Structures are given as structure tokens and as C-alpha cells.
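A.B. asks: Counting from 1, one number per residue, gives the positions in the sequence shown under the working numbering.
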Amino acid sequence: MSTLTYPEVGATRLGPLPHGYHHLHHRTRVGRGRADFEVAGAAVTGWGMHRRSGARINASAARAEPGAGVRVSLGVGPFRFTAPCRVVWTAYERERVGFGYGTVAGHPECGEECFVVDLADDGSVWFTVMAFSRPAAWYSRLAGPLVPVVQRWYARRLGIALGRLVAEGRDARD
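Printed below as a string of C-alpha cells:
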């Protein structure tokens, strides 16, 4: 199993995010009620959200579990980037489901990212992406200020993909 490339393992679970990294926080409403929450949680932890967003996922486990290896690939042809990660924590709770994964050797960035679905007291279902990262490869250092822009775009894309999966689950129930 590859070694994580940063020391602040688990910081996306409870925070605060460590200094010296770019921070990302994106939150979007994806549904309402227990059934939507369950669909969203399964899509996040079973890699369906990532796949729906257009990413290729190669995971060593069918759903997120600590220690599972994950390779996320984005792009086309020679412009495809693969990001190897390892799941460092999971949450399978009554009103919170998700996981965090950290970077391993070969990832263009260094840091951790989490994907969490929460069922709020008012019944709304929220999806959150939170991350801390800094460049690890020459090309991510060269890209400089474009990297956070791409990360925010991808977080929004994940939220849209998850919202669609939840809506499809709702349509299937109706």
C-alpha cells in the first residue's frame, strides 16, 4: 500500500484544515428527506457520483472503506490525468455519510479531500466537498492559479452529478 504524501491525515474529517495548503469548501443542496439522503450516501460511497461526473474510477473496494486504494482519472487521451489516493476515513452514520481520501505517490497534488452527505434537521440533504492541497508535480506547480479553479469546477460538477442521481432515485420511487 502506498504511503500518504502529507502528514495531516484525517484533517478533513473534523477540521480545522491545515495551514500551508490551498483550501476548498463547496456545499450544495441535493435533495430532501431520508430516502434522498440514502440515495446520495450510496452514490458517494459507492463511487457512482464520481463516475456520473465523468471520472474514471478504479477502486480496490466496492464502497469507500479505510485503506482502500482509488485511482481517479480525468481528461481525454494524452490529456488524461490519473490521481492515486487512499481512503483515510469513512462515516456511515444516521445523518452523515461520506469519506475522505488522501494523496499517495504519483498524485499531481499533495493533500486530502472529503465527500460528505448530511441530513439536516429540516430534512434537507447537503453535499459537501472539502479539501486541502498543494502542488506535488511539476505540471501542477506550473499550472499555478489554475489548479484551484479546476478544483472548484470539479466540486461543482460532483454536486450536479449527485443531484441528478438523487433525482433519478426519486423518480424511480414515484
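Every residue, glycine too, gets a C-beta built ideally from N, C-alpha and C. Model, not experiment: these values are computed from the prediction.
Are the Cβ atoms of G87 and F99 separated by less than 8 Å?
C.D. replies: What sits at residue 87 in the sequence shown is Val, not Gly. Yes. Within cutoff.
A.B. asks: For Y101, name the three-state secondary structure that DSSP assigns.
C.D. replies: Three-state result, Y101: strand.
A.B. asks: Would you mind working out which of W47, R32, C114, L146 sits nearest A120, comparing C-alpha positions?
C.D. replies: The shortest C-alpha separation from A120 is found at R32.
A.B. asks: Output the residue ranges of the beta strand (DSSP E) runs that lie fully inside the segment 79-134 and measure 3 residues or longer, sorted by chain position.
C.D. replies: You should have 81-92, 96-103, 109-119.
A.B. asks: List the whole-angstrom C-beta distance separating A40 from V129, where the pair is believed to meet the contact cut-off of C-beta under 8 Å.
C.D. replies: Not a contact, Cβ separation roughly 13 Å.
A.B. asks: Can you have a look at H50 and say buried or exposed, based on whether 16 or more other CB atoms are within 10 angstroms of its CB?
C.D. replies: Looking at its Cβ environment, which holds 16 or more other Cβ atoms inside 10 Å, H50 is buried.
A.B. asks: Taking only the alpha-carbon atoms, compute the straight-line gap between L162 and G46 and give it to the nearest angstrom.
C.D. replies: Roughly 12 Å between the two C-alpha positions.
A.B. asks: In whole angstroms, what separates the C-alpha of G48 from that of Y21?
C.D. replies: Distance between the alpha carbons of G48 and Y21 is about 28 Å.
A.B. asks: Would you kindly work out how many angstroms separate the C-alpha atoms of L74 and E113, rounded to a whole number?
C.D. replies: Near 16 Å, if we compare the C-alpha coordinates of E113 and L74.
A.B. asks: Report back the beta-carbon spacing between T12 and A131 to the nearest angstrom; my notes put them in contact at under 8 Å.
C.D. replies: The Cβ separation is near 7 Å, so the contact holds.
A.B. asks: So, using beta-carbon positions, are W89 and G15 closer together than 8 Å?
C.D. replies: Going by C-beta atoms, W89 is not nearer than 8 Å to G15.
A.B. asks: So, using beta-carbon positions, are E109 and A143 closer together than 8 Å?
C.D. replies: In this structure, A143 does not lie closer than 8 Å to E109 by Cβ.
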